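Scroll down for the structure; my scribbles are underneath it.
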Amino acid sequence: MNAWHKEITIALLLFVIVTIVGGITGWFLHLTLLLVSCLLIHQVIQIHRFEKWLGRMSGGAHPNVSGVWEEIYYHVYRIKKNNKKRKKKLGKMIDQFRQSTEALPDAAVVLGANDEIEWTNKAARDVLGLQQSDKGQRIPNLVRFPEFIRYMSSNDYSEPVIVPSPVNNHITLSVRIVPYGAGLRLMIAQDVTQLKVMERMRKDFVANVSHELRTPLTVLKGYLETLQDMDDGDSPVLTASFHQMLGQTERMQHLVDDLLLLTRLESPQKKTACVNVPELLGEICREGDTLSTKRIELSLETDSYIMGDEQELRSAFTNLLGNALKYSPEDSIVKVRWYKTNNGLTLAVEDQGEGIAKSEISRITERFYRVETKRQKKVSGTGLGLAIVKHVLMRHDAQLVINSELGKGSCFSCHFPIKRLCH
Ligand code: ADP
5 MNAWHKEITI ALLLFVIVTI VGGITGWFLH LTLLLVSCLL IHQVIQIHRF EKWLGRMSGG
65 AHPNVSGVWE EIYYHVYRIK KNNKKRKKKL GKMIDQFRQS TEALPDAAVV LGANDEIEWT
125 NKAARDVLGL QQSDKGQRIP NLVRFPEFIR YMSSNDYSEP VIVPSPVNNH ITLSVRIVPY
185 GAGLRLMIAQ DVTQLKVMER MRKDFVANVS HELRTPLTVL KGYLETLQDM DDGDSPVLTA
245 SFHQMLGQTE RMQHLVDDLL LLTRLESPQK KTACVNVPEL LGEICREGDT LSTKRIELSL
305 ETDSYIMGDE QELRSAFTNL LGNALKYSPE DSIVKVRWYK TNNGLTLAVE DQGEGIAKSE
365 ISRITERFYR VETKRQKKVS GTGLGLAIVK HVLMRHDAQL VINSELGKGS CFSCHFPIKR
425 LCH
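When the letters of the sequence shown are read in order and numbered with the numbering used here, they come out as residues 5 to 427.
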């Protein structure tokens, strides 16, 4: 018989006894009331004991009871015991996780909804100078670099931000935010000092070599031009050699010039001014037209100027126009448009040339990347032109959009934001 049946049977038995005794003595009502009161008091006492036992978190053995209460105690005791076990296991896991994140070489900081510090590991304390006592403080109040504060408030964490370490400015950190859970964010700061040093060395090396090659190339070209002038054409081999040597020297000069320009574009922008883009485009198109037959159609739909560096913009626009002329038939038209849009200003250079395959579009702005096509005529180039365009546009908060279809032509558009408008 289960506990419930037993409990009900006892209650019924007591009720039968009370009925019989009540019937004999004539005190039925009194005895029934007494029985109900006794049963009630018994249950109240059990509930009180149960509540006291529940309150004791130790989860020790339950009091000695019988009937349905024994079952209740037993079930709750089992739940309590399982909970205790689970808590212990969870605690152990959290400890292990803490120990592993403590040992991480990268700084890790858990941030709350208002950028307040919730937890830090050892590397974060070492490299960001955070203390245990900084818990609850807002991180922008402690790491006060403007670029870091801008990054924190931007809500765009797709790219990391590079900042010096607040405790040692010889250490460079790459800081990244990873949102997770309900409003929580994990901040990871990685020491990239070595990487930055190597990058600097690479840039310096390219800049130094390019610079050192400039003078010998000028001398070489000068002598080759003199020799070419002196050539009386008696030896076709010699004439062809001079021609080839001069061509290759000029190619090397272009390469060196482009590399030096890219190096300049990687250093901070010095001065900006209001650039008369319509006039600049007029000049570039005139130069382009003198080199080829009249192929350029310039349409200036706005007379707007933009804030920027004229030299840099000239290089970018010249490269785009040069490519449009180079990679399209000699009798085709190249359209250059300068116009205003709802959210900015656009320069579009459109040709009716060979076009670019979709798979190549994302790669053509990489340094030294040239599309391999079976052209009838070999087109010379360094593969640095579009890398220069991309860098110049980045420095002007502008975007390069490339639309192209193989065999039909390409359109390279430079979109400048309205904040660059200055006239
Ligand atoms: P370069 O012209 O010196 O090779 P760029 O960086 O200017 O270097 O261009 C990279 C590649 O992109 C070129 O080799 C060419 O294949 C492709 N490209 C650039 N502009 C055009 C264009 N207007 N039409 C077709 N292909 C182009």
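By construction, the Cβ of each residue, glycine as well, lies at the ideal position given by its N, Cα and C atoms. Just so we're clear, the structure is a prediction, and the values are computed from it rather than from any experiment.
Item	Value
Would you kindly work out how many angstroms separate the C-alpha atoms of A328 and G389, rounded to a whole number?	12 Å
Kindly indicate which three-state DSSP category F149 falls into: helix, strand or coil?	coil
Mind checking E229: buried by the 16 CB within 10 Å criterion, or exposed?	exposed
Pull up the CB-CB distance for M202 and V113, whole angstroms please, since I reckon it's below 8 Å.	That pair is no contact at about 27 Å.
With hydrogens ignored, establish whether the beta-carbon of G387 is closer than 6 Å to any heavy atom of the ligand ADP.	yes
If you follow the alpha helix (DSSP H) that K432 is in, where does it begin and where does it stop?	Given that the chain is displayed from residue 5 to residue 427, the structure contains no residue 432 and the question cannot be resolved.
Please give the ranges of any beta strand (DSSP E) in the region 292-378, keeping only runs that are unbroken, at least 3 residues long and fully inside the region.	300-304, 310-312, 338-345, 348-354
DSSP three-state label for G140, please.	coil
Could you have a look at C426 and say whether DSSP puts it in helix, strand or coil?	coil
So who's on the other strand from V405, going by DSSP bridges?	S417
May I ask which residues mark the beginning and end of the alpha helix (DSSP H) holding L134?	That residue, L134, is in no alpha helix (DSSP H); it is neither H nor E in DSSP.
Spatial neighbours of I164 within its chain, please: CB distance less than 7 Å, with the 5 preceding and 5 following residues excluded, ordered by chain position.	Looking at the sequence shown, residue 164 is not Ile but Pro. Counting only Cβ-Cβ distances below 7 Å, and skipping sequence neighbours, we find S178, V179, R180.
Would you kindly report the start and end of the unbroken beta strand (DSSP E) that includes L190?	188-195
Determine the extent of the alpha helix (DSSP H) in which V69 is found, giving its start and end residues.	First-last for V69: undefined, no H or E at that position.
Under 7 Å, do L269 and H395 count as touching if we go by C-beta distance?	yes
Let me check one thing: in DSSP terms, what residues is S178 bridge-paired to?	I166, Q194
What's the gap between the Cα of D293 and the Cα of I143?	57 Å
Taking the alpha helix (DSSP H) that T243 belongs to, which residues open and close that run?	240-270
What I want to know is whether the C-beta of V213 ends up closer than 6 Å to one or more non-hydrogen atoms of the ligand ADP.	no
Measure the Cβ-Cβ separation of N402 and F420 and say whether it is below 7 Å.	Per the sequence shown, residue 402 should be read as Ala rather than Asn. Cβ atoms of A402 and F420: closer than 7 Å.
Under 6 Å: does the beta carbon of R374 sit that close to some heavy atom of the ligand ADP?	yes
Counting only the same chain and skipping the five closest in sequence on each side, list residues whose C-beta sits under 7 Å from that of P170.	L132, G133, V147
Grab me the residues of F372's own chain with a C-beta within less than 6 Å of its C-beta, minus the 5 sequence neighbours each way, in chain order.	G387
Work out the CA separation of R189 and S158 for me, nearest whole Å.	14 Å
Rounded to the nearest angstrom, what separates P333 and S408 at their Cα positions?	16 Å
In whole angstroms, what separates the C-alpha of D335 from that of L317?	27 Å
Hey, could you find the ends of the beta strand (DSSP E) L115 is sitting in?	111-115
For the alpha helix (DSSP H) containing E55, name the first residue and the last one.	32-59
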